[in-house]
Each structure stands twice: as structure tokens, then as C-alpha cells.
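Residue numbers (the working numbering), protein chains in the order written: chain A, 41 to 360; chain B, 14 to 149; chain C, 784 to 1342.
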Amino acid sequence: MELAEGILDGSVKSLARLISWLEDDDERAYEEMRRLYPHTGNAYVVGITGSPGAGKSTLTDKLTQVLRKKGYTVGIIAVDPSSPFTGGAVLGDRVRMSNLCLDPGVYIRSMATRGHLGGVARATNDAVRALDAFGKDIIIIETVGVGQDEIDVIKIVDTTILVLVPGMGDVIQSMKAGVMEIADIFVINKADHPGADQLETEINVRLEQDKQAKDRKWVPPVIKTVAVEGKGVNDLAAALERHRAYLEESGELEIKRKKRIKEEILSLVESTLLKLLQEKFMSGDSFEDIIDEIMSGENDPYSTARELLKRIGLDVTIQQ
Amino acid sequence: MSNGKDRKIKVIVAKPGLDGHDRGAKLLARVFAEAGMEVIYTGLRQTPEMIVQTAIQEDADVVGISSLSGVHNYFFPKVVQLLRENGLADVLVVGGGIIPAEDIPKLKEAGVAEIFGPGTPTQKIVDFIKQNVRKK
Amino acid sequence: MFDKKKLNDIKQKKEQWEGGTLKKVLDRFPERKEKFTTISGIEVDRLYSPLNIEDFDYNEKLGFPGQYPFTRGVQPTMYRGRLWTMRQYAGFGTAEETNKRFKYLLEQGQTGLSVAFHLPTQAGYDSDHPLSMGEVGKVGVAVDSIEDMKVLFDGIPLDKVTTSMTINAPATVLLAMYLAIAEEQGVPFDKVGGTVQNDVLKEIICRGQYIFPPQPTMRLTVDLIEYCYEHVPRWNTISISGYHIREAGATAAQEMAFTIADGIAYVQACIDRGLAVDSFAPRLSFFFNAFTNVLEEVAKFRAGRRYWARVMKERFGAKNPKSMMMRYHVQTGGVTLTAQQPLNNIVRVALQAYATALGGAQSLHTNSYDEALCLPTEQAVTVALRTQQIVAEESGATETIDPLAGSFYVEALTDKIEAQIDEYIKKIDELGGTLKAIELGYIQKEIQESAYRFQKEIESGERIYVGINKYVMEEPPLTNILKVDPKIGEMQVERLKKLRAERDQKKWKEALEKLREVSKSDENVMPAVIEAVKARATVGEICDVWRDVYGEYRPKEFV
Chain A
41 MELAEGILDG SVKSLARLIS WLEDDDERAY EEMRRLYPHT GNAYVVGITG
91 SPGAGKSTLT DKLTQVLRKK GYTVGIIAVD PSSPFTGGAV LGDRVRMSNL
141 CLDPGVYIRS MATRGHLGGV ARATNDAVRA LDAFGKDIII IETVGVGQDE
191 IDVIKIVDTT ILVLVPGMGD VIQSMKAGVM EIADIFVINK ADHPGADQLE
241 TEINVRLEQD KQAKDRKWVP PVIKTVAVEG KGVNDLAAAL ERHRAYLEES
291 GELEIKRKKR IKEEILSLVE STLLKLLQEK FMSGDSFEDI IDEIMSGEND
341 PYSTARELLK RIGLDVTIQQ
Chain B
14 MSNGKDRKIK VIVAKPGLDG HDRGAKLLAR VFAEAGMEVI YTGLRQTPEM
64 IVQTAIQEDA DVVGISSLSG VHNYFFPKVV QLLRENGLAD VLVVGGGIIP
114 AEDIPKLKEA GVAEIFGPGT PTQKIVDFIK QNVRKK
Chain C
784 MFDKKKLNDI KQKKEQWEGG TLKKVLDRFP ERKEKFTTIS GIEVDRLYSP
834 LNIEDFDYNE KLGFPGQYPF TRGVQPTMYR GRLWTMRQYA GFGTAEETNK
884 RFKYLLEQGQ TGLSVAFHLP TQAGYDSDHP LSMGEVGKVG VAVDSIEDMK
934 VLFDGIPLDK VTTSMTINAP ATVLLAMYLA IAEEQGVPFD KVGGTVQNDV
984 LKEIICRGQY IFPPQPTMRL TVDLIEYCYE HVPRWNTISI SGYHIREAGA
1034 TAAQEMAFTI ADGIAYVQAC IDRGLAVDSF APRLSFFFNA FTNVLEEVAK
1084 FRAGRRYWAR VMKERFGAKN PKSMMMRYHV QTGGVTLTAQ QPLNNIVRVA
1134 LQAYATALGG AQSLHTNSYD EALCLPTEQA VTVALRTQQI VAEESGATET
1184 IDPLAGSFYV EALTDKIEAQ IDEYIKKIDE LGGTLKAIEL GYIQKEIQES
1234 AYRFQKEIES GERIYVGINK YVMEEPPLTN ILKVDPKIGE MQVERLKKLR
1284 AERDQKKWKE ALEKLREVSK SDENVMPAVI EAVKARATVG EICDVWRDVY
1334 GEYRPKEFV
């Protein structure tokens, strides 16, 4: 049986294998994805992000338990970085999700970034889509990152939950511009630790400034949780539902998803083009020769780039 | 054979039952990662059902189980059996821990590919996995 | 201790020796290695002399046995007065079998009991719980209820022996059972002596037998300490354990440092409860490992005693000298045993026991040579016990107190380890205390780093392990090994069924409801736990009440 069929038929094994193919950049995957595409668009995608040690896995675990009680099926993709030196990774997020392991309504996948920047793996977006076609109602992407370079997750999710903890330094002050804006919901986890109230105040002050400056319609709520003990998680689930309703009613969800499709097409074109060039013209000795030509002053990078594009049938001027 | 340009071996490192001795399991998780594999570490207190569900969801190539509390005769064959029932007979199952020599033939007969006792050089385990891992 | 002139003289002579006698030999015969290190990785000099301990102040650093800072020992006469307690950890199968082993060990001259419970009891599950599958009676004795406990101590008068119980998260439950049995035997609580491990922090750090989140589990710990202070004065309320930290890969200094860090957290928790430091601190005890590197172990024990005394006096303001004494049990290193050429383990254990004696422990368990393969057989246990008897009676280690004091090397190493301990404690304080350091994974990561370094040293051949990476030989597998009857699981489940059917349902239900109520309040849980075990509530049922009230815990794993 083809994987796409298996997935539409509810086979976890097929789903798991397709995600492997996606991760491995196996060409067979994209034909399956094409066949799954008509069956996507139903899932709601949530990103849970925050610094290491913020309690994201535990929060994901508890939130999923609440969502399950509400009747949703859930897919979880837990992303962790690969080692830049060995290419390997130790993925330990499942440890905190042991309770979900045997629930047939939950699928958990650990995913290493494999050198991809931005806090998600290259395969994450397609894996979300596969889970969507598989029929999961809600898909959670759990990923490390509060820095500006690590927030690619927001491009593929509908709601972004930013998890902060008290006592990890002056988080808000040190946040780069823009990071505050990525959050649709703030969570202060470990809210029983000293400094939680202060952190809440800091966030609210920043949100108030933002609101005045940018006229935001959705003001991100700040939810306090003690995830280990399950406290505050119902509130978080409720906030999630509120944000979803807001996006749907205001039409923002459609705008978001249209934008996402546009970006995806562009990104596919870009990556395909680059790969094509790399594979056909930029590998091995011939490319070394081209570089040597430039080094020796016989040629220049601008003309060379134009020449390469011409070879795949694109007669265009160079732009940056 | 996978056409994947970025193929990685995926290994589940699991601690079955209530045994809390995870020095060896954690050490191996690190060694496997350093050998370029992707290791899914389950943590303690796993039942055979949980280990096999994890293997299915993660599309694991290898399941490594470590036990020092004497439950291997129950656990290891059970994991193999559940993998087979779920159509994952090609997943490589390897075991380690405190396992008396006389138990090893029975475990292998049950489908455990290899048992690595205390004192095994970690490179030997890495090599074994690389040589025997399935294609997908 | 040394005057400046003498030191200068020694320094000169040493330089002469290095440039002359030594150099001549080194030129022709280089040493075996460029760098010599202890098993913990501390670099060891070629030769130690007064120059290594130039500022050594005898009174400040050593003092006298039974006096602050207790470097030389916690009792004034040490083993000249009384030998350490020989306490072999035992337990497997059913309560009947373990009871038989206990009686055998007492007949062989053992002076205290030490109970190994099977993992379900340690994790707070009954034998019929799904997670208990395959585990019943395996690494310890199966105890589900007071009925099992009664069989376990049948014919053993609880006022004549002291009993150590390796039980942590459910320590209150097992102590309650023990006390209830003492009551039935007519032994008053103030005649009951022994120890519960009751150290949940190291379970989270490295041993894995945790049940509840850190805060509520610490509350149970303190409840037990408080209750015993009032009602069971001879009970050692906690055994703050470095043993498992070392087993998990820590160095000698890390073992001592992280154990002391846990100790600090417990003392602080008791003080926060409102207990006066000198009320409970005299009943705190410790539990350490002993590896084969004799001198490093001795230095570790001496450094630990001195550091703990300072912590209690300076940080917590203890006034009672007993509060400052680090009294401890030792078990020889389980991870040092090899499955290869198992008889070699007898020698390792002997050296480790010797180190323990030279280090001044209060009690000792010597491992059996077959423990890297299976549960110890009776023959192996006997050899292990005889090993410590030989150390005690024949080696001469017991004739004078702290015999290695004044050795340039041992004093320098003691100072070095003490400095490493101090560095760790300062770092942990900086991170916000022990609980925070555990939550951040700092302690776990340090231990794993050491374990990894050690493994690499073995695999590269940089460190020799006999039978593992040198002097390896083919050998037939050991055949005489102890196996637990697999039927024990079914037997224990049957027993539970019977218990549940026959107990007074009303009394049982009320006792558990009372326990639930008390557990939610600030009241000490111990009396309610005692009532519950008397009402035949099982370990699993009592822990389920707490799982419900306090939640279950899964610590973050740091790999």
C-alpha cells in the first residue's frame, strides 16, 4: 500500500514512515505529499516555544491531556537541535509525555533540526501537513527558541504560545524587538516560583506599550501555570480556543494561511532552484574552475551567476 | 533502500520496568548521538507496550533496552513480540544490562538481535547497529 | 606545623634530588605514564613531602577524634571501642525467604539488618500493579502490606537488632509498618533503632525511585524526621546518600559534594518547618560508596567529615557536637565489580573494605563477588561478610584511630577534595540551592560528564580495568547463580487478593480517608500512616492517596 493511502486509512506506521522520508529528503515523499494535499487544511496548528528549561514538554503533555478531554485528537512534533559536529541528536521530550504514549488519539514525533536554522526542521511543515491529512484536530509544534533567529515556527502555526519562567534573568528587557510580537498567548510557567508576579507585570507593561503603538486587536493574554502540577492548564486551553475563535471570526486566519501558502511556494521554488544549481553546476571540479576564473580576475561573480541561471533556461538580470 | 539524501539511523533507548539505573542507558544515548544517530530517549518506567508505541510513532530502526533488575526474560521477548504483531519485525532489538549468560540463547531465540553485557566497548555496539540496521 | 627554615631545607634537598638522583634515572627509564591520576581524575604528584602541606595546622584541620571538626573520626575511641556495624543488605523473593537469609546472617556474626525491598515497593506500587510485571521479588523482598512485614521480621526481636531500610519516597509507610510490628512485639518506640534512607533528592538526581513532586515529597521527609524526634529517638531519620551518585558516575569529590548539598537542603527544610537544628540534626546519617583507590577514598571520608562539621556549625549554627558529626554507612562500589573473572571482585571488595576501615565508617556492607551477574548466592554473601571480618580482625586497620593522618599524600588529597567540595557547594548556592540545581540539571549533568569521561578513559586504554581492557581472558560463564522463582509474582498477587478480601473494609476505608485529610493539611502524616498500615492498607493504596493529593512526578532527563 502506498503511504498516502495508508495515512488516509489511519495507519500510524505509514504516517511515521512518510515523516521519515520527509526528514531524510527522500524524493518519494513529495509524490505522497501531493496526494495528501487535498485532505489537508482541517487541523489547527499551535506552536509552543520558549527557552530551554521553561517546561515546554511538561506543558505540552498537560495541555494535550486537557485537549483530549475536550474531544480533540492531537499530533505533537517536538523539535530539538542536532549536534553541528556529529549530526546526531538526543531527543528526550517524550520523557515528559509518557502519559500520552498509549493514547491512540495522540501521535508524538521527535524531530531533530538536522542543521536547519530557525528552530524547526526542514521537514516540520510537511510533517504538520501529513498529520493534518491523517486527521489530527490539533497539531502542536514544540520548539526551543526565544531569540529572533529561532522563531520560524510562527510561520507555520496558527497560534504561538511563548513560555516564560520567573527568575531566568531580565527576560523581557533583554528580548529583542519583535519577539514580544510573535506571541499570541504568554505563559508564565513555574508560577509558584518567586518573581512570577513581577514577570507578569513586565509583560503587561510591554503589551500596553505595544497596543498603543500598533493598534493590535488581539491583546495576548498572560496565563500563569504550574505545569508539573497541572495548574493553570485549563486556562491555557481556554485561551487557545479564544484565540482560534478570534482568528476565525476576524478573518485573520484566512489571511495568515494565504500568506503561508505564498511563502511556501516561494520557498519551494527557492530551495529547488538552489538545489538544482548546486547539483548540476556547482559541484566538483567545474565549479572550482569557475571560482578560479574569478580569483584570477578573468571573470566576476555577477556575470557568473547570470551565466549559471542561463544554463537552466532563465535569462534574467541579477538581483539581490 | 532509502533514497534519502539525509538518512539517519533512529534509535530508541528505553528503560523497561521500575529499574532506575540509567547510567548505561544515558551513556549509550550519548555515544549513539556522537556516532551520528538520532536517539529517542524514553526515560524510566516504560512498559513493553509503551516502548513499542514509541518505536511505531518514531519509525525507529533500532530499539535498545537496558535492564539491571532481572526483568529481561519477561521484557525483551515481549517487546520483540509486540513489534512483530505491529508489522515491525525488521526493527533491530538489542539489549544490555545485568543478564546471566545462560539467559542469552533464549533471548536470541525470541528475536533479540544481540545482548551486550557489562564492560562491552561502546564502539562494538555502534558497529553492530550500523552493520545490522534495516533499510527503509 | 613545619618551620620555615626546615621547609627551605627540604625544598633545597628536593631540588637537588630532582636534578640529580631522579634525573639520572628518568633519563634512562622514563615513567610508565606522563600523568598519573586517581580514579576520579585528580592528578597525583610523583612524591609528596611537607612542601605539599606547608601551611598545615594540625589543630585546625584535624583535631582529635570525637571533637570538632571530626576529621579523625566521630568517636573518641573509634574501633578500639567497638567495631563498625557489619550490615549486609539483603532481600529477595518473598518475606519468608528473606527472613531465612536474615537469620542466617545474624548466625554468621552480622550485627545489624539491612532490608532490600523489591522495586514495586520502592516505587509505591503493589505487586499486582501493571508496572510491577516481572519485578516482584527481583531485586529485593516483596512487601505490600504489614502482613508481609510481619513475616519478614518473624522471630527477630526488634529491641535487639537495628534495621536499615532502603526505602525513600514511601519511607513513612515502611517505618509505620516497622513501628506497628514493634508495638505488637511489645517493644516500646524508644527501644527501636534503625535507619530509613528517606533521601528523595538523590532519587531524582540519579536513582529513579521517585513518586511525588519535590515539594510534597520533601514534606513527607520532614514529617518523618519530626515524628521520630518526638517518638522514636534512636531512629536515624534519613540516610543522605552519595552511594548512588557515585554509582551513576560521579567522582569521589562529587559524591561527597552533592551528598552534602542534599544534606543542606534537608536541614534547611527542617529548619523551615520550625525545628531547632540541634533537635533533629544528631539523627541525620549518611551513606557513601567505597571504590578501590584506597587512599582517595580515605581522603574523601576525612574531607567530608570536616566539611560537614563546618557546614553545621557555621551555616546552621548548631551547638551540639552530635549535630556536626557526619556518621555514615558504607557500601563497597557496585559498579566497580566486573562480570568478567568475577572472583577478582573479592579482591576489589577487600581493598574497598580496607579503605572504609581506614576512613572511619560506622557501618559497612561488602558486596558479593557475583553481583555484576545476579543476586548474591549464600556462598558469595558469606565471603563478603568474611571479608569485612578479616579487615576488622586481621588487617590492623582497627588498632589505631585514623592511621593515615599525617601522610603527606593523604593530607594533601584530603585538602584537595575538600576544596573541590567547597567549589561545588558555592556553585550550587549561586544557582539558588540544591533543588534549583537539580531542576536545572546541573548536578545530573556534572555526574554524567564524569561517567562519560571515565568510559572514554577505559575505552582508550588510558585507565586500566583488570579483566575489561587488560588481562582479558576467555572463561566459562558462572553457573552457580541465584534465581528468583518466577512464581513469586503470582503468589504475591494471591496474597494481596486475600488481604483485600479479608480486611475490615470499614476500618480500612476510614483510615485512608483520614490519611487523605491529613495529607492535605499541615498536620504530620505519620500517625495517620501508622493507622492506615494497621488497617491493612497496602503500600500502593497509601501512595495512591498521595499521588492523588500531590500529583506524580517525572523529572526532566538530562542526557
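The beta-carbon is built from N, C-alpha and C at its ideal position, and this holds for glycine as well.
Just so we're clear, the structure is a prediction, and the values are computed from it rather than from any experiment.
Residues that DSSP places opposite residue i in a beta bridge
i: residue 113 of chain B; result: None; residue 113 of chain B has no bridge partner.
i: residue 977 of chain C; result: C/946, C/1018
i: residue 264 of chain A; result: A/228
i: residue 129 of chain B; result: B/109
i: residue 1061 of chain C; result: Partner(s): none; residue 1061 of chain C has no beta bridge.
i: residue 146 of chain A; result: A/114
7 Å Cβ cut-off: residues of chain C touching residue i
i: residue 84 of chain B; result: 917, 918, 921
i: residue 12 of chain A; result: This structure gives no information on residue 12 of chain A, because the portion of chain A shown stretches from 41 to 360.
i: residue 93 of chain A; result: 1223
Amino acids of chain A, ordered along the chain, whose beta-carbon sits closer than 7 Å to that of residue i
i: residue 43 of chain B; result: 130
i: residue 1337 of chain C; result: 135, 136, 138
i: residue 20 of chain B; result: 64
i: residue 100 of chain B; result: 53
Chain B residues whose Cβ lies nearer than 7 Å to that of residue i
i: residue 237 of chain A; result: What residue 237 of chain A touches in chain B: nothing, since even the nearest Cβ is about 33 Å away.
i: residue 1264 of chain C; result: 113
i: residue 1342 of chain C; result: 39, 42, 43, 54
i: residue 1032 of chain C; result: 36
Cβ shell of residue i (< 7 Å), same chain only, five flanking positions each side left out
i: residue 861 of chain C; result: 848, 1143, 1184
i: residue 1268 of chain C; result: 876
i: residue 874 of chain C; result: 881, 898, 899, 900, 923, 924
i: residue 1218 of chain C; result: 997, 1048
i: residue 1126 of chain C; result: 1152
Listed by chain order, chain A residues near residue i by CB distance under 8 Å
i: residue 996 of chain C; result: 268, 269
i: residue 991 of chain C; result: Simply none; closest approach about 12 Å.
i: residue 1334 of chain C; result: 268, 269, 270
Beta-carbon proximity list for residue i, same chain, < 6 Å, skipping 5 on both sides
i: residue 175 of chain A; result: none
i: residue 177 of chain A; result: 112, 113
i: residue 1012 of chain C; result: 1062, 1063
Chain C residues whose Cβ lies nearer than 9 Å to that of residue i
i: residue 60 of chain B; result: 913, 914, 916
i: residue 89 of chain B; result: Per Cβ cutoff of 9 Å: no residues; residue 89 of chain B is ~10 Å from chain C at best.
Neighbourhood of residue i by C-beta, 8 Å cutoff - its chain only, sequence neighbours within 5 removed
i: residue 142 of chain A; result: none
i: residue 891 of chain C; result: 1165, 1168
i: residue 1251 of chain C; result: 1121, 1123, 1241
Within chain C, partners of residue i - CB distance below 8 Å
i: residue 135 of chain B; result: 1238, 1242
i: residue 108 of chain B; result: What residue 108 of chain B touches in chain C: nothing, since even the nearest Cβ is about 14 Å away.
Proximal chain B residues relative to residue i, where beta-carbon distance stays under 9 Å
i: residue 1326 of chain C; result: Result: empty, since nearest Cβ-Cβ is about 13 Å, beyond 9 Å.
i: residue 158 of chain A; result: Residues of chain B passing the Cβ test: none, with the nearest at roughly 17 Å.
Chain D contact residues for residue i, given Cβ-Cβ distances below 8 Å
i: residue 96 of chain B; result: Here chain D cannot be found, since the structure's protein chains are A, B and C.
Chain-ordered chain A contacts of residue i [CB-CB under 9 Å]
i: residue 122 of chain B; result: In chain order: nothing, as chain A lies at least about 26 Å away.
Subject >> beta strand (DSSP E) segments (min. 3 residues) lying fully within the region 1282-1337 of chain C >> reply: Taking only runs of at least 3 residues, no beta strand (DSSP E) segment lies wholly in the region 1282-1337 of chain C.
Subject >> Three CB pairs or more closer than 8 Å across the region 62-70 of chain A and the region 232-240 of chain A >> reply: The region 62-70 of chain A, when compared against the region 232-240 of chain A, does not touch it at the 8 Å Cβ threshold.
Original post:
Any contact of the region 1265-1279 of chain C with the region 1293-1309 of chain C, i.e. 3+ C-beta pairs under 8 Å?
Top reply: With a cut-off of 8 Å, the region 1293-1309 of chain C and the region 1265-1279 of chain C do not count as touching, because too few Cβ pairs lie within range.
Original post:
Is there contact between the region 1030-1049 of chain C and the region 1077-1087 of chain C, where contact requires at least three CB pairs shorter than 8 Å?
Top reply: The region 1030-1049 of chain C vs the region 1077-1087 of chain C: in contact.
Original post:
Between the region 961-971 of chain C and the region 907-921 of chain C, are three or more C-beta pairs nearer than 8 Å?
Top reply: No: the two stretches stay apart, fewer than three of their Cβ pairs being nearer than 8 Å.
**OP:** Note down, one range per segment and in chain order, each alpha helix (DSSP H) of at least 4 residues found wholly within the region 58-91 of chain B.
**Re:** Scanning the region 58-91 of chain B from its first residue to its last, the whole alpha helix (DSSP H) runs of 4-plus residues come out as 61-71.
Subject >> beta strand (DSSP E) runs contained entirely in the region 1089-1149 of chain C, provided each spans 3 or more residues >> reply: For the region 1089-1149 of chain C, whole beta strand (DSSP E) runs of length 3 or above, ordered along the chain, are 1111-1115, 1146-1148.
Original post:
Given 8 Å as the limit, is there contact between the region 41-48 of chain B and the region 1311-1328 of chain C, that is, 3 or more CB pairs closer than that?
Top reply: The region 41-48 of chain B is not in contact with the region 1311-1328 of chain C.
Original post:
Taking only runs of the beta strand (DSSP E) that begin and end inside the region 258-329 of chain A, which ones reach a length of at least 3 residues, in chain order?
Top reply: Unbroken beta strand (DSSP E) stretches of 3 residues or longer found wholly inside the region 258-329 of chain A: 262-264, given in chain order.
Original post:
Is the region 296-308 of chain A touching the region 266-283 of chain A, taking contact as three or more C-beta pairs under 8 Å?
Top reply: Judged by Cβ distances under 8 Å, the region 296-308 of chain A makes no contact with the region 266-283 of chain A, as fewer than three pairs qualify.
Original post:
What runs of the alpha helix (DSSP H), each 4 residues or longer, lie entirely inside the region 1157-1214 of chain C?
Top reply: Secondary structure within the region 1157-1214 of chain C: the alpha helix (DSSP H) runs of 4 or more consecutive residues, fully enclosed, are 1161-1176, 1191-1214 (chain order).
Original post:
Between the region 1302-1315 of chain C and the region 931-940 of chain C, do three or more beta carbon pairs fall short of 8 Å?
Top reply: As far as the Cβ criterion goes, the region 1302-1315 of chain C does not touch the region 931-940 of chain C, which means the pair count is below three.
**OP:** Assess, as a yes-or-no matter, whether the region 50-64 of chain A is touched by the region 254-266 of chain A under the definition of 3 or more beta carbon pairs within less than 8 Å.
**Re:** Short answer: they don't touch.
Subject >> Segment contact flag, the region 118-132 of chain B with the region 80-90 of chain B, C-beta cutoff 8 Å, min 3 pairs >> reply: Yes, they touch.
Original post:
Are three or more beta carbon pairs between the region 1225-1233 of chain C and the region 1102-1122 of chain C nearer than 8 Å?
Top reply: No: the two stretches stay apart, fewer than three of their Cβ pairs being nearer than 8 Å.
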